[in-house]
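In my numbering, the protein residues as written are 64 to 143. Backbone N, C-alpha and C fix where the C-beta goes; we use that ideal spot for every residue, glycine too. Contents: one structure, followed by commentary.
Structure (structure tokens):
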């Protein structure tokens, strides 16, 4: 099913997916590296590399909702 979806995407959408994937990999790598350097633990480094991006994503969604409600008018208009 996923392969069918990827095949039907436009070139721009495929590029966006690739860009998002490489950004996520970079994010995980940085989170793991910093946690490992600070703690010296592969387990803690791995856990933080998985947990931090998930929490960050939820924070981003909350930020966008708050910005749409209380932020600049143009931002609220974009949500409609």
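Residue i versus the options, residue with shortest Cα-Cα distance
i, options, result
"residue 109", "99, 118 and 73", "99"
"residue 83", "120, 130 and 131", "120"
Cβ-based burial, residue i [other Cβ within 10 Å; buried from 16]
i, result
"residue 111", "buried"
"residue 78", "exposed"
"residue 133", "exposed"
Length of the line joining the Cα atoms of residue i and residue j
i, j, result
"residue 126", "residue 103", "32 Å"
"residue 97", "residue 124", "24 Å"
"residue 128", "residue 75", "26 Å"
"residue 81", "residue 95", "21 Å"
"residue 131", "residue 92", "31 Å"
- prompt: Can we say the segment 83-101 touches the segment 109-126, given the rule of at least three CB pairs closer than 8 Å?
  reply: yes
message: Runs of 3 residues minimum, wholly inside the segment 64-135: which ones carry the beta strand (DSSP E) assignment?
response: none
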